Amino acid sequence: MAATKTNKKCKSCGKNIYVTSKVYYCSIECKIKGIGYTLNGSCHEWNGRSSHGYPNTLHDGIVYRIHRFTCEKIHGPNDGVKTHVLHSCDNPICINPDHLRWGTNTDNINDKLSKGRGNYNNGEKINTCKLKECDVISIIDYLKNDNSTSAFKFL
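Numbering (my numbering), first residue to last: 2 to 156.
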């Protein structure tokens, strides 16, 4: 039995669409406009679903990552080198085109570190740290000066 197509109107632009399922928008652009965003300062925060903190939506069986789609519409497709979308606002659900730009993986890492988001703590900076730096130095000195391999006296 073939699926019956029904005539509906796009919720965003009103264009007639013929569908076989629960489709409310004629295009991904109309779906983005229809779902919309909430202003938070200068950020346009996506009102729809998100995955791993980034906005996405399903349209015609394709999952669109909205920040990437927006960046591509405004700045053109990525060039194969600059494949990451960088948010100048540091807000992953923001889809404001003025806050988005293409960048390399290195650009993305440098952006993250410059904004203090990189969790590259080591030594005593790690909250689960068991030994202080001076303890480690003492253990190393002890092992260098003593042929014993037991460091248990420090624990």
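Every residue, glycine too, gets a C-beta built ideally from N, C-alpha and C.
Bear in mind that the values here come from a model prediction, so they are computed numbers and not experimental data.
Reduced DSSP secondary structure (H/G/I, E/B, other) of residue i
{"i": "H53", "result": "coil"}
{"i": "R118", "result": "coil"}
{"i": "T71", "result": "helix"}
{"i": "K16", "result": "coil"}
{"i": "C31", "result": "helix"}
{"i": "T107", "result": "helix"}
{"i": "I127", "result": "coil"}
{"i": "D112", "result": "helix"}
Cβ-based neighbour list, residue i, same chain, cut-off 8 Å, excluding 5 preceding and 5 following
{"i": "E73", "result": "N79"}
{"i": "L40", "result": "E46"}
For residue i: DSSP bridge partner residues
{"i": "E44", "result": "Per the sequence shown, residue 44 should be read as Cys rather than Glu. Per DSSP, N41."}
{"i": "C1", "result": "Residue 1 lies beyond the range of the chain shown here (2 to 156); nothing can be said about it."}
{"i": "T58", "result": "Y65"}
{"i": "H88", "result": "L101"}
Residue i: first and last residue of the uninterrupted beta strand (DSSP E) it sits in
{"i": "K145", "result": "Not the beta strand (DSSP E): K145 falls in the alpha helix (DSSP H), residues 134–146."}
{"i": "N8", "result": "7–10"}
{"i": "I63", "result": "63–66"}
Own chain residues within Cβ distance below 6 Å of residue i, not counting five before or after
{"i": "N92", "result": "C44"}
{"i": "D61", "result": "none"}
{"i": "S28", "result": "none"}
Own chain partners of residue i with C-beta closer than 7 Å, once the 5 adjacent residues on each side are dropped
{"i": "N8", "result": "N17, Y19"}
{"i": "K34", "result": "S13"}
Min CB distance residue i to chain B below 8 Å
{"i": "I141", "result": "The structure shown contains no chain B, having only a single protein chain."}
Looking at C-beta atoms only, is the number of pairs between the segment 61–68 and the segment 92–99 that lie closer than 8 Å three or more? yes
Should the segment 100–114 be regarded as contacting the segment 127–134, the criterion being three or more beta carbon pairs within less than 8 Å? no
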